[in-house]
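Numbering (the numbering used here), first residue to last: 320 to 480. Think of the CB as a built atom: it goes at the ideal place given N, C-alpha and C, for glycine as much as any other residue.
1. DSSP three-state label for residue 469, please.
2. Given a threshold of 16 other Cβ atoms within 10 Å of its Cβ, counted over all protein chains shown, does residue 338 qualify as buried or as exposed?
3. Between which two residues does the beta strand (DSSP E) holding residue 350 run?
4. Taking the alpha carbon of residue 452 as the reference point, which residue from 426, 360, 342, 435 has its own alpha carbon closest?
5. Is residue 414 helix, strand or coil when you go by DSSP?
6. Leaving out the 5 sequence neighbours to the left and right, which residues in its chain are closer than 6 Å to residue 381 when beta-carbon positions are compared?
7. Spatial neighbours of residue 442 within its chain, please: C-beta separation below 6 Å, excluding the five flanking residues on both sides.
8. Following the continuous beta strand (DSSP E) through residue 396, name the residue where it begins and the one where it ends.
9. What are the partner residues of residue 381, as DSSP defines its beta bridges?
10. Given a cut-off of 9 Å on the beta-carbon distance, is the pair residue 387 and residue 361 in contact?
11. Using 9 Å as the threshold, is the C-beta distance between residue 363 and residue 438 below it?
Right under this line is the structure:
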């Protein structure tokens, strides 16, 4: 099993997540940029991701919720900034409400996602940039590392299928 590597840097207020996947870069890119595929791996089990709106383009957004086993919904919003197809994209990630309004009482994070391929393996490097140290600590305390590792396991299963 491939491991997810995390580096938390409180000085720069960043979290860097690196993970290799046994699939070509274009397939991994598609899994990150197609809502039907995102829904299959993004949420840690037993949660599922459900898309309300999705437009992967600069200025586009993904408004979705994670649905829990007891019917609870956790809404989120991703606003896509810059996109360099199959190599990288950046986005603003925020907790949101059902209408797509950002929840400013929760951390709002800028994500930069980079894809590189070597010998049939694709490395994904995700850098999360936080506005302040308090936001970084809050996301870590909420179980980001564990949840994202579970999502990566889901992505492994999707790519193997």
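The short version:
1. In the structure shown, residue 469 adopts helical secondary structure according to DSSP, grouped into three states.
2. Residue 338 is buried by the Cβ-count criterion.
3. For residue 350, no beta strand (DSSP E) segment is defined; the enclosing uninterrupted segment is the alpha helix (DSSP H) at 344 to 352.
4. When only C-alpha atoms are compared, the closest one is 426.
5. If DSSP states are grouped into helix, strand and coil, residue 414 belongs with the strands.
6. Here the set comprises 373, 397.
7. Closer than 6 Å at the Cβ level, and outside the excluded window around residue 442, lie 339, 435.
8. Residue 396 -> beta strand (DSSP E) spans 392 to 403.
9. Note: residue 381 is bridge-paired with 373, 397 in the DSSP secondary-structure output.
10. No, they are not a contact pair.
11. For the 9 Å CB-CB criterion, residue 363 and residue 438 do not form a contact.
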